[in-house]
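Q: Submitted below is the structure of interest, expressed as structure tokens.
Number of protein chains: 2
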Amino acid sequence: MAPGMTTSHLKPLRFDLLATDPTSHARRGTVMTRHGTFETPAFMPVGTQGSVKGILPDHLAATGSEIILGNTYHLMLRPGEKTVAELGDLHRFMAWPGPILTDSGGFQVFSLSDINRLTDDGVTFKSHIDGKMIHLTPERSIEVQNDLGADIIMVFDECPRADAPIECHREAVQRTLRWAAQCKAAHARPADQSLFGIVQGGTDLGLRTLCTEKMIELDFPGYAIGGLAVGEGFAAMVRVLEATAPLLPEEKPRYLMGVGFPRDIVASVAAGIDMFDCTMPTRNGRNAYVFTAGGALRLKNSRLQRDSGPIEEGCDCYACRTFTRGAIRHYFFASEMLGPVLASVHNIRFYQRLMEDIRRAIVSGTFAEFRQSDPRCKLGPAGEELASNEENSVKGLTQP
Amino acid sequence: MAPGMTTSHLKPLRFDLLATDPTSHARRGTVMTRHGTFETPAFMPVGTQGSVKGILPDHLAATGSEIILGNTYHLMLRPGEKTVAELGDLHRFMAWPGPILTDSGGFQVFSLSDINRLTDDGVTFKSHIDGKMIHLTPERSIEVQNDLGADIIMVFDECPRADAPIECHREAVQRTLRWAAQCKAAHARPADQSLFGIVQGGTDLGLRTLCTEKMIELDFPGYAIGGLAVGEGFAAMVRVLEATAPLLPEEKPRYLMGVGFPRDIVASVAAGIDMFDCTMPTRNGRNAYVFTAGGALRLKNSRLQRDSGPIEEGCDCYACRTFTRGAIRHYFFASEMLGPVLASVHNIRFYQRLMEDIRRAIVSGTFAEFRQSDPRCKLGPAGEELASNEENSVKGLTQP
């Protein structure tokens, strides 16, 4: 739909539940937005600074990606949300006509920036670009996201470290709840953009339950679970998800932020999650790490020098259909852009094929079998399988 | 045609002259190779290290490029010609199924490397990658090019500096002639690959004539003119071309190496040149300089920050059809790969549209008028028009 052609009598988001898995909480659905539909469970590639790094939109669409994520924190700093708005909106800016989700900036403020002051009002931090002091409040985050114009926008939340004391998590939950109400009140484009709430609470199931119930009272069109995959470990993450996701309204989409390895995604789908985003396929791709069903492959490995096979046998991505491992290895050593580009294209397609197979398995009632038998469902951090996700933030992967 | 499916009863190159311009020496033709046909006058984008930097083959083909160039010097150093051969050949390596031309390495050895010793035998130089001493001879250059498997390969020539004393140019001509005969004798795949001779001689018309006549006696299927656009200036270049090109056999393609600005190409077409290569569209693109009919545009210019127009109004390239100037400007400031990628795509398409219009004008008998009236025919280095090409090696362009 062209920008401006909003049909105000329709809701900006419609979630249809198409199938559920009898052996788990896994769900198969579709989400309609003003810029098109995406199938769930969905994986969203991350376009941090207004581009999914190195990938032109036609190649991104060819990976099967239907919705992408933009980072409010990065875009408000550069080029600035007013510039994006004046150039059309984030869809026009990125040349991505399909659905887009923007985060609130909260996670980046707490993880990337030099925080100067955190109060009930908001956060004051130093820009990682020029050191300028920036003040970000719930209202300001929504104002920026209204200007960017994504289909799904997020409340501004406080994201404590996983190992922060329980008192910090308790305060963060209270602040996140207050801020969520403020975000909802500040949201100026509810007919175009759907504002999702975010559940915090660390690994404390009581806090998670409390935050979930209060967040549901605020009545958002969708809910995210934040503050996971930040070092708590795989088992703890699954425990939180299994306790939290079922509390969320069945008729609304559920989004697990920033996750993760294939085995994390599969376990989260089983807990009832519908949407995912992660920088892993693109960041690992740029570092010459690629995903295959048999495990990770380091494309710089010397044994690939004269390997005329594709990155992954049987993969239908542009990289695998077109280039040999040997050529892609050379591109990395020669600092040619095509190395990171091709590895990223493959990794995103790897994730999207996984999502397609998950969706197919749920519909056909074979999800339990799929989880058991498909080797991709076990792909986690290097050196461990189905153990913990403590290395989610580094680029190590299970070796074949 | 798949690798290995050569049809040995056919020549590896066929040149058909389709039209000539009555007002100049301009020619319109087609060149058939084992990997397909390209229309002349033709512009070849440069894929130095086995990739046209940042551009996937489908996007490269969409610019209208029909033949591309690979650099023997770079490929022999990394990944090594044996690696390329084992992976198929250079076509398979680059995933470019169409025609490819490789240079001999001569120009790079003389311009990029730290030359240790030049004798009648060949050149010993330090690799610019690891400082290792490399010995390159005419026979070795051909051996490497035979392994790479391009459709058109070049003799190994000596390329003195433009301002070298006449005695140097005289020696270089004699050496280039001897080396050309050695290259022809060493060429092991004449049924698959066409070896072109190269005319040297600096700006001395007598030396150019001598070199041309002797090179023709060696009977190559095509001829290049080398040693131009290396600082001699536009007027001197045109003078050499006008004296040299008409001496070359009418029925064989003529290739001007490493040229150049649009006005250089148009003037060279008028002198009877059929093929061109230059890094300018891609190198300038990576540095945020783009070509438009009105002159050069610096995409980092602050006045483009909120410019919602395409790079060039009316251009049909992917960048212009898809992205705003404001977004591409942001990509450069944010160090996003898409900046260099999109600017390179536009610049190559700019060159290919120019070539298409040149070919159309020759066929329709309007080439003289086209040269007079089309503003692109005057695009040269910054700060001058139709004056000299001394700045060919820098990235300055005529400003609009």
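Residue numbers (our numbering), protein chains in the order written: chain A, 10 to 409; chain B, 10 to 409. For glycine and all other residues, C-beta sits at the position ideal for the given N, C-alpha and C. Small disclaimer: the values here were computed from a predicted structure and weren't measured.
Less than 7 Å between the beta carbons of A/Ile-207 and A/Ala-233, yes or no?
A: A contact, by the Cβ cut-off of 7 Å.
Q: Do you know offhand how far B/Gly-335's Cα is from A/Leu-96's?
A: Spanning the two alpha carbons is a distance of roughly 7 Å.
Q: For A/Arg-263, does the three-state DSSP call read helix, strand or coil?
A: Here A/Arg-263 sits in strand by DSSP.
Q: To which residues of the same chain is B/His-44 closer than 8 Å at the C-beta, ignoring the five residues directly before and after it?
A: For B/His-44, where only same-chain residues beyond five positions count, the Cβ hits under 8 Å are Met-10, His-100, Pro-106, Gly-107, Pro-108, Ile-109, Asp-160.
Q: By Cβ distance, which residues of its chain are closer than 6 Å to B/Phe-300, with the 5 residues on each side in sequence left out?
A: If we look at B/Phe-300 and ignore the five residues flanking it on each side, its Cβ neighbours are Asn-356, Phe-359.
Q: Would B/Glu-345 count as contacting chain A if we go by Cβ distances under 7 Å?
A: So yes, B/Glu-345 belongs to the interface.
Q: Cβ closer than 8 Å: which chain B residues qualify as neighbours of A/His-419?
A: One cannot answer for residue 419 of chain A here, as it falls past the ends of chain A, which runs 10 to 409.
Q: List, from N- to C-terminal side, the alpha helix (DSSP H) runs of 4 residues or more that fit wholly inside the stretch 34-103 of chain B.
A: Runs of the alpha helix (DSSP H) inside the stretch 34-103 of chain B: 66-71, 81-86, 90-95, 99-103.
Q: Taking contact to mean at least 3 C-beta pairs separated by less than 8 Å, is the stretch 302-319 of chain B in contact with the stretch 275-291 of chain B?
A: Output reads no: the stretch 275-291 of chain B does not touch the stretch 302-319 of chain B.
Q: For chain A, find out if any of its Cβ atoms is closer than 7 Å to the Cβ of B/Gly-235; answer yes or no.
A: No - not a single Cβ of chain A is within 7 Å of the one on B/Gly-235.
Q: Which residues of chain A have a Cβ atom closer than 9 Å to the Cβ of B/Gln-58, listed in chain order?
A: Ordered by position in chain A, the residues that pass the 9 Å Cβ test against B/Gln-58 are His-339, Tyr-340, Ala-343, Ser-344, Glu-345.
Q: Cβ closer than 8 Å: which chain B residues qualify as neighbours of A/Gln-314?
A: Within 8 Å Cβ-Cβ: Pro-88, Thr-92.
Q: Can you check whether the C-beta of A/Ala-276 is within less than 7 Å of a C-beta belonging to chain B?
A: Not an interface residue.
Q: On a CA-only basis, which of A/Asp-129, A/Ser-113, A/Ala-189, A/Ala-297 is nearest A/Leu-157? Give me that one, please.
A: Here the closest residue by C-alpha is A/Ser-113.
Q: Use the C-beta contact count for B/Ala-343: other C-beta atoms within 10 angstroms, 16 or more gives buried, fewer gives exposed.
A: When all chains shown are included, B/Ala-343 counts as buried.
Q: Enumerated in chain order, which unbroken segments of the beta strand (DSSP E) with a length of 3 residues or greater are wholly contained in the stretch 272-310 of chain A?
A: Listed in chain order, they are 284-286, 298-301, 304-307.
Q: Could you pull the DSSP bridge partners for B/Lys-135 from this structure?
A: Partner(s): B/Asp-123, B/Met-142.
Q: Return the first residue and the last residue of the beta strand (DSSP E) that A/Gly-206 is part of.
A: Where A/Gly-206 is concerned, the enclosing beta strand (DSSP E) stretches over 203-208.
Q: Please report the residue range of the alpha helix (DSSP H) in which B/Phe-379 lies.
A: Taken as a continuous stretch (DSSP letters only), the alpha helix (DSSP H) holding B/Phe-379 covers 376-382.
Q: So, with DSSP's three-state summary, where would you put B/Met-346?
A: In the structure shown, B/Met-346 sits in coil (DSSP, three-state: anything other than H, G, I, E or B).
Q: So, under 8 Å CB-CB, B/Met-224 and B/Ala-189 are touching, yes? Tell me the CB distance rounded to an integer number of Å.
A: The Cβ separation is near 6 Å, so the contact holds.
Q: Quick one: which chain B residues come within Cβ less than 7 Å of A/Phe-332?
A: Under the 7 Å cutoff, chain B gives Ala-104.
Q: Answer yes or no: do B/Arg-37 and B/Arg-362 have a C-beta to C-beta separation smaller than 7 Å?
A: Not a contact, by the Cβ cut-off of 7 Å.
Q: Just to confirm, are B/Phe-332 and B/Leu-351 a CB contact at a threshold of 7 Å?
A: The answer is yes: Cβ separation under 7 Å.
Q: Determine contact between the stretch 39-59 of chain B and the stretch 288-299 of chain B, defined as no fewer than three beta-carbon pairs at a distance below 8 Å.
A: Cβ pair count under 8 Å is three or more, so yes.
Q: Alpha carbon to alpha carbon, how far is B/Thr-133 from B/Val-118?
A: When rounded, the distance between both Cα atoms is 9 Å.
Q: Taking 7 Å as the CB-CB limit, is A/Ala-336 close to chain B?
A: True, the Cβ-Cβ gap to chain B drops below 7 Å.
Q: Strictly below 9 Å CB to CB, what residues from chain A border B/Glu-321?
A: Simply none; closest approach about 17 Å.
Q: Strictly below 9 Å CB to CB, what residues from chain B border A/Ser-317?
A: Per Cβ cutoff of 9 Å: Glu-95, Leu-96, Gly-97, Arg-101.
Q: At a cut of 8 Å, does the stretch 160-176 of chain A reach the stretch 236-251 of chain A through at least three beta carbon pairs?
A: A contact exists between the stretch 160-176 of chain A and the stretch 236-251 of chain A.
Q: What's the gap between the Cα of A/Leu-265 and the Cα of A/Leu-214?
A: Rounded to the nearest angstrom, the two C-alpha atoms are 16 Å apart.
Q: Excluding the five sequence neighbours on either side, which residues of its own chain have a C-beta within less than 7 Å of the C-beta of A/Ile-64, listed in chain order?
A: Taken in chain order, the residues that qualify are Val-350, Ser-353, Val-354.
Q: So the beta strand (DSSP E) A/Ile-234 belongs to, where does it begin and stop?
A: Per DSSP, A/Ile-234 belongs to the beta strand (DSSP E) from 232-234.
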